[in-house]
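The opening position of the sequence shown corresponds to residue 0 in numbering that gives the first Met the number 0, with each subsequent residue numbered one higher. Heads up, the beta-carbon is just placed ideally off N, CA and C, and yes, glycines get one too. Heads up, the thing below is written out as structure tokens.
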Amino acid sequence: MKQTNILIVGVGGQGTLLASVLLGNLGLSKGYDVKLSEVHGMAQRGGSVVTHVKISEGTVSSPLIEEGDADVIIAFEELEAYRWLPYLKKGGTIYVNTQKILPMPVIMGKAKYPEHIMETLEEHAGAVKALDALSIAEECGSVKAVNVVLLGAASRELPFDEEAWIKVIEENVKPKFVELNKKAFALGRNA
Numbered sequence: 000m001k002q003t004n005i006l007i008v009g010v011g012g013q014g015t016l017l018a019s020v021l022l023g024n025l026g027l028s029k030g031y032d033v034k035l036s037e038v039h040g041m042a043q044r045g046g047s048v049v050t051h052v053k054i055s056e057g058t059v060s061s062p063l064i065e066e067g068d069a070d071v072i073i074a075f076e077e078l079e080a081y082r083w084l085p086y087l088k089k090g091g092t093i094y095v096n097t098q099k100i101l102p103m104p105v106i107m108g109k110a111k112y113p114e115h116i117m118e119t120l121e122e123h124a125g126a127v128k129a130l131d132a133l134s135i136a137e138e139c140g141s142v143k144a145v146n147v148v149l150l151g152a153a154s155r156e157l158p159f160d161e162e163a164w165i166k167v168i169e170e171n172v173k174p175k176f177v178e179l180n181k182k183a184f185a186l187g188r189n190a
């Protein structure tokens, strides 16, 4: 792995921070240089949240991913995948939760939720891996596990073995939630 650029996008409260911590610590545990950068919108009010994750054999000079440079986008919600699509590299992959979370302007009737999001993603991405991560997380016992379900799905594309993923979950998730998150990871990986 020369360098892998991963954009994690969602809305406030979906666990983008934990997902980036898991990815970052996984990279560090394998001896890679890792840089993370978070950008919050109105995160506590359901606004857009994005985390840039760079994992490299060499030195990472900047934590920010430029437009057209993300190898992978992990999107916790359809509209966020659509918003951040310009950052995906040609031939890149998007892992997207099929959940729709209406932004405040849509709720207030001042805007419309875009139509044909999945078709647009499929036109511009090398591959789109869409899954109902919310239902899988509910099956595990908590809607908050959507983030780990999506990491599980994306884990097959990243150069880390399953045991390393499980270890990083055990080391970074609160003990009472470890088993739930390990199950979420496994179901996402096999989705």
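Distance CB(residue i)-CB(residue j) smaller than 8 Å
i, j, result
"L149", "L21", "no"
"V59", "G91", "no"
"A152", "K128", "yes"
"E56", "K1", "yes"
Sequence-distant residues of the same chain with beta carbon closer than 8 Å to residue i, five excluded per side
i, result
"P85", "E66, G67"
"N171", "L17, V20, L21, N24"
Pick from the options that is closest to residue i, judged by C-alpha positions
i, options, result
"A110", "I116, M117, P102", "P102"
"V8", "A183, L25, Y94", "Y94"
"E161", "V52, K29, I54, I64", "K29"
"I168", "T97, K128, G26", "G26"
"K99", "L35, A132, E122", "A132"
Classification of residue i by the beta-carbon crowding that lies within 10 angstroms, buried from 16 upward
i, result
"N4", "buried"
"N180", "buried"
"L63", "exposed"
Closer than 8 Å to chain C by CB, residue i
i, result
"R188", "Of the protein chains in this structure there is only one, and it is not chain C."
Contacts around residue i, its chain only, beta-carbon distance under 7 Å, and the 5 residues preceding and following it disregarded
i, result
"L17", "N146"
Residues that DSSP places opposite residue i in a beta bridge
i, result
"E76", "Answer is none; E76 lacks a bridge partner."
Cβ shell of residue i (< 6 Å), same chain only, five flanking positions each side left out
i, result
"R188", "G151, S154"
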